Structures are given as structure tokens and as C-alpha cells.
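The sequence shown begins at 2 in our numbering and counts up by one. Everything on this sheet refers to the single structure shown next.
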Amino acid sequence: MTNERDSIKTKQRIIVSAIELFAKDGFDGVSVDLIAKKADVNKAMIYYYFKNKAKLYEKVIKTLLDNIYEQIVLDIKKAKKPRDELKIFIETFCNFAWNNPYLSSLMLAELGSGAKNLPSDMFVGLKKIFLLLSNILKKGEEKGCFFDVKPIIIHFMIIGTINLFISTKDLRNRVVQKIDADVCNECDEKELSSYVYKKIVKMLKGEQPC
Numbered sequence: 002m003t004n005e006r007d008s009i010k011t012k013q014r015i016i017v018s019a020i021e022l023f024a025k026d027g028f029d030g031v032s033v034d035l036i037a038k039k040a041d042v043n044k045a046m047i048y049y050y051f052k053n054k055a056k057l058y059e060k061v062i063k064t065l066l067d068n069i070y071e072q073i074v075l076d077i078k079k080a081k082k083p084r085d086e087l088k089i090f091i092e093t094f095c096n097f098a099w100n101n102p103y104l105s106s107l108m109l110a111e112l113g114s115g116a117k118n119l120p121s122d123m124f125v126g127l128k129k130i131f132l133l134l135s136n137i138l139k140k141g142e143e144k145g146c147f148f149d150v151k152p153i154i155i156h157f158m159i160i161g162t163i164n165l166f167i168s169t170k171d172l173r174n175r176v177v178q179k180i181d182a183d184v185c186n187e188c189d190e191k192e193l194s195s196y197v198y199k200k201i202v203k204m205l206k207g208e209q210p211c
């Protein structure tokens, strides 16, 4: 039992270290040696648990996408109306990304590279999150509380805004030191998700207040 617990802890430490490094330097910029050093494990352990860097990267992406999808599904059960579901979707994604900041950098890095390193079966995870939002929007449109819905565009507006805001925190801090500009440095995840929700709902406002 002790060996099993140690094994789980070691694998988790490798995954956490890999998430941070992949988010910072991308798939091509990170070596197995670097991951092993950061995780404080022998390189052979990485090959033992994950076979190779590509398999580890696949596990990293799958872990992040599965966790966020499962959390959104769980939280949405509290909602009774389409607008409530949309609000919870945005809040949960934002809260997860805020508390796992490497997620945003990793997603943006993949988009920037054309997702060339993203395993094909990992598109299933991305698709599940998109379809979850798409179903919320379509349901709202059918009930008359959302108008002129284009799910993929709304998806990019929500996910893209949140990811970009979180991943540019350091950049915005540098900007405010050089020029007097409101870059929302003091905004937290609640303010961010609330603002995004209000603007999206206003844009999609239908005839019914549902």
C-alpha cells in the first residue's frame, strides 16, 4: 500500500512539473531531463510511468481537460435556467483557470502552434467542453432568452478572453509600471467571470428573461 501511494505521488509530481514547463516553453522547448530535474525524480521514472515525452504531454492535456469538464458538469447541476448555466460555465472555467494558471498558457501555446503537438484523441476533451457550452446556448436560443447564437464564436470569446487575461498577468504588471493605464491589475477571477458573463448575455439578449 505504501509503495502504491508513493507511486501515485511520484506520478502526480511529474505531471505537475510537466504542466508548468510545457506551459512556459511548449512541447518542443522542454526535455525529459528538465522535467525530471524539476520533479526531482530519476529520468527513468518518467519513461517507466509514461513511456516517452509525447505520452506524458498527452497525460498532461487529458488531466487538465478532464478535470475542468467534470467540474463544470458538476457545478451546472445547480442551475435551473439557461442563463444560470451560462453563468456557471463561465465562473467555473474562470475559477479553474485562475487557480491553475498554467492551463491558460498551455492552451494558448497550442493554439499558437496550430495544435501540432496536441494528440488527436485529446481533441475529444476540447470537443466535450465546446459541446457543453454549445448545448447551453442552443437551449437558451430555443427558449428565447438568447438571440443569434453562433456557439464557436461565443466559445472563443469566453475561453479566449479568460485565457489571455490570466496568461498576461506579468505583462500587464510591466505595462502599468511604464504607462498610466487601466489594465485591471487588481481584478480577481470573480470580477473577470462576472464581466465576461454580463457582456456575453447583453450581446445575446433574447426576448425572454430566462
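Don't be surprised by glycine CBs; every beta carbon is placed ideally from N, CA and C. All values derive from a computational prediction rather than experimental measurement.
Return yes when the C-beta of residue i is under 8 Å from any heavy atom of the ligand PLP, and no when it is not.
i    : result
K129 : Judged by which ligands are present, the structure shown has none, so any question about the ligand PLP falls away.
May I have the straight-line CA-CA distance separating residue i from residue j, to the nearest angstrom?
i    : j    : result
G27  : K38  : 17 Å
K78  : K44  : 42 Å
K129 : A55  : 22 Å
Y196 : E143 : 25 Å
V176 : A182 : 8 Å
Q178 : I9   : 43 Å
C188 : I167 : 10 Å
N174 : N101 : 19 Å
Q72  : I89  : 10 Å
A80  : L205 : 19 Å
K199 : D85  : 12 Å
F148 : I20  : 38 Å
V202 : V74  : 20 Å
K170 : I180 : 16 Å
Excluding the 5 residues preceding and the 5 following residue i in the sequence, name in chain order all residues of the same chain whose CB lies nearer than 6 Å to its CB.
i   : result
N96 : E190
L87 : I137
A40 : R14, I15 and S18
V33 : K44, I47 and K54
Starting from residue i, trace the alpha helix (DSSP H) in both directions and tell me its first and last residue.
i    : result
T169 : From DSSP, T169 is part of no alpha helix (DSSP H); its letter is neither H nor E.
D34  : V33 to A40
I47  : K44 to F51
V184 : Per DSSP, V184 belongs to no alpha helix (DSSP H) and is neither H nor E.
N100 : P83 to N100
G113 : Y103 to G113
Q72  : K54 to I77
G141 : F124 to E143
Which same chain residues end up closer than 7 Å to residue i when comparing Cβ atoms and leaving out the 5 residues on each side of it in sequence?
i   : result
N35 : The displayed chain sequence assigns Leu, not Asn, to residue 35. The answer, listed in chain order, is L22.
V31 : L22 and F23
My assumption, with CB atoms under 8 Å, is that residue i sits in contact with residue j. Please give the rounded CB distance.
i    : j    : result
D76  : T93  : 5 Å
G161 : G207 : Actually they do not touch by this definition, with Cβ atoms about 23 Å apart.
K63  : F51  : That pair is no contact at about 12 Å.
L165 : L109 : 7 Å
H156 : L134 : 5 Å
With distances taken between CB atoms, is the gap from residue i to residue j smaller than 9 Å?
i    : j    : result
P83  : K140 : yes
I91  : I47  : no
A98  : S105 : yes
Y58  : G126 : no
K25  : Y103 : yes
F131 : I163 : no
L112 : L65  : no
For chain C, is any of its Cβ atoms less than 9 Å away from the one on residue i?
i    : result
T169 : Looking at the structure shown, chain C is missing, and only one protein chain is on hand.
Quick one: residues in its chain with C-beta nearer than 8 Å to the C-beta of residue i, no 5 flanking neighbours on either side, listed in chain order?
i    : result
Q209 : K144, G145 and C146
A211 : Position check: residue 211 holds Cys in this sequence, whereas Ala was assumed. Once the five neighbours on either side are set aside, the close Cβ partners of C211 are K82, P83, R84, G141, K144, G145 and C146.
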